[in-house]
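Working notes, beginning with the structure itself.
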Amino acid sequence: MKYNVAIEIEKPLDEVVALFDSVDNLYKWMEGLESFEHLEGTPGEVGARSRLKFDMNGRKIEMIET
Numbered sequence: 259m260k261y262n263v264a265i266e267i268e269k270p271l272d273e274v275v276a277l278f279d280s281v282d283n284l285y286k287w288m289e290g291l292e293s294f295e296h297l298e299g300t301p302g303e304v305g306a307r308s309r310l311k312f313d314m315n316g317r318k319i320e321m322i323e324t
């Protein structure tokens with residue numbers, strides 16, 4: 259499955275990246291996110307893996323982000 263989202267933001271790139279990279283902010287923009295767990299690697303680097311769990315209107319979804 260592939261999932262893509264595009265949003266145009268009128269702010270400097272470094273500000274947007276800092277907000278986007280903050281785990282604390284994931285819950286603000288990822289609808290239904292219940293938990294985030296870093297599994298391995300350096301966050302934001304190639305090879306990093308994380309587990310995200312969602313509740314989408316009662317449907318539980320778990321995905322591994324690579």
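259 is the number of the first residue of the sequence shown in the numbering used here; add one for each residue after it. Just so you know, even glycine gets a beta-carbon here, dropped at the ideal spot from N, CA and C.
Who does residue i pair with in a DSSP beta bridge?
| i | result |
| --- | --- |
| F312 | L291, I319 |
| E298 | R307 |
With the cut-off set at 9 Å, would you say residue i and residue j are in Cβ contact?
| i | j | result |
| --- | --- | --- |
| G290 | I319 | yes |
| A306 | E295 | no |
| D282 | P301 | no |
Out of the options, which one is the CA nearest neighbour of residue i?
| i | options | result |
| --- | --- | --- |
| N315 | E292, P301, Y261, W287 | E292 |
| A264 | G302, D282, D272, W287 | W287 |
| L310 | K269, T300, G302, I322 | I322 |
| Y285 | R317, F312, K260 | F312 |
Does residue i come out as helix, strand or coil in the three-state DSSP assignment?
| i | result |
| --- | --- |
| E273 | helix |
| N283 | helix |
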